[in-house]
Amino acid sequence: MESIKTVAFIGAGNMGAPMARRAWRGGFDVMVCDISPATRESFSREGIPTTADVADCAAADAIIVLLANDAQITDALLGERGLANAIPPGHRPVVCMMSTTLPDTLRTLEAPLAAAGARLIDAPVSGGIVGARDGTLTLMLGGSRADIQHVQPLMSTMGKRIFHCGALGSAEVAKIINNMLCVTNMFLTAEAIELAQAHGVAFEDLAPILAVSTGMNFLTADAAMGRAQYRAWAPSEDAYPAIHRIVSKDLHLALALGDLASLDLGLLKQVSSYVDDGGPTAAARWTHAGQASRRA
């Protein structure tokens, strides 16, 4: 099996764009496929080839999928102008599903892609926009051991911690559970920051205490990094609706996993309902959580 040299990114949004740049800086020949003219122009200025046509990605050795939902994924991979219909005869690319989706979605994609010559792995990531920019993401991989080993050099350009979770779909299970905890932490920590500041305690003073206590999470381990995470995801209240759609979807995916296992996840249902109905109060909290406070 020849090593990966060419990589196509289908989707270059908040996460995909910095990940594509990390792969390019890591020495891979990168192509970016995105429907946004502004996104394509930004990569073209850097000398990175771009396209709006998924079919143009079919000749790449590795094809990374970073799309928002199942409808986009299915259309991009199995649609009339989709990837499966464009893979050259004899070519055996590895398709890396880095979007967050259910294992059942992967199973609907696996056979059509295999018939076209492609191998499919799931490769969701954690670490947020900050981790994507810094190349410090955690990567969860599911699929055959040979395929996982094949993509390791590519994945190492984007992340520092790489885990083989098991068979196809196992990484998505790990990612959905991680997101379930992450989203809950982000909403609750934003409230904690506001509560502390209302009583004259700056987050910068609270975080070192939490970092060595039982209330610690990824946002409170370091106040500056925690605020950076909020700023990256929602730099303004106007930007909040976009991230709200993503985190709401993440919780609904976790609920779907629970339903598939016939589990009654009561607290998750309440958190999901709160997030769905959060509205402008949550938007303001996220924005304020990203702003440095003055210590008393």
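Letter by letter, the sequence shown follows residues 1072 to 1367 of the working numbering.
We put the beta carbon where it would ideally sit given N, CA and C, even for glycine.
- When rounded, the separation of the alpha-carbon atoms in Thr1255 and Ala1353 is 12 angstroms.
- Fully contained in the stretch 1225-1303 are the following alpha helix (DSSP H) runs of length 4 or more, in chain order: 1241-1269, 1274-1282.
- In terms of Cβ geometry, Phe1258 and Ala1267 do not form a close pair [threshold 9 angstroms].
- DSSP, read as helix, strand or coil, puts Thr1179 in helix.
- The C-alpha of Gly1097 lies about 8 angstroms from the C-alpha of Leu1225.
- DSSP places Asp1193 in the strand class (E or B) of the three-state scheme.
- Ranked by how close their Cα comes to the Cα of Gly1199, the residues Ala1094, Met1090, Gly1329 have Met1090 in first place.
- The stretch 1168-1175 makes contact with the stretch 1319-1336: 3 or more CB pairs, one atom from each, lie closer than 8 angstroms.
- Cβ-Cβ distances below 8 angstroms link Asp1100 to Lys1076, Thr1077, Val1078 in the same chain, with the five nearest sequence neighbours on each side left out; the list follows chain order.
- Here the alpha carbon of Asp1335 sits roughly 25 angstroms from the alpha carbon of Asn1140.
- In the three-state reduction of the DSSP assignment, Asp1100 falls in the strand class.
- When DSSP states are grouped into helix, strand and coil, Met1211 belongs to the strand group.
- Spanning the alpha carbons of Pro1306 and Pro1159 requires a straight line of approximately 42 angstroms.
- Excluding residues up to 5 positions away in sequence, Gly1361 lie with their Cβ nearer than 7 angstroms to the Cβ of Arg1302 in the same chain.
- Residue burial is scored here from C-beta neighbours: Gly1087 has at least 16 other C-beta atoms within 10 angstroms and is therefore classed as buried.
- The criterion of a C-beta distance shorter than 9 angstroms is not satisfied by Thr1260 and Arg1093.
- For Ala1310, the secondary structure class from DSSP, reduced to helix, strand or coil, is helix.
- Between the alpha carbons of Ser1284 and Asp1132 lies a gap of roughly 46 angstroms.
- Under the DSSP assignment, Ile1075 falls outside any beta strand (DSSP E); it carries neither an H nor an E label.
- With a cut-off of 8 angstroms on Cβ pairs, the stretch 1124-1138 is in contact with the stretch 1149-1163, counting three or more such pairs.
- A distance below 8 angstroms between beta-carbons, with the five flanking residues on each side excluded, links Ala1186 to the following residues of its chain, in chain order: Ala1155.
- As the crow flies, the alpha-carbon of Gly1214 is around 14 angstroms from that of Ala1182.
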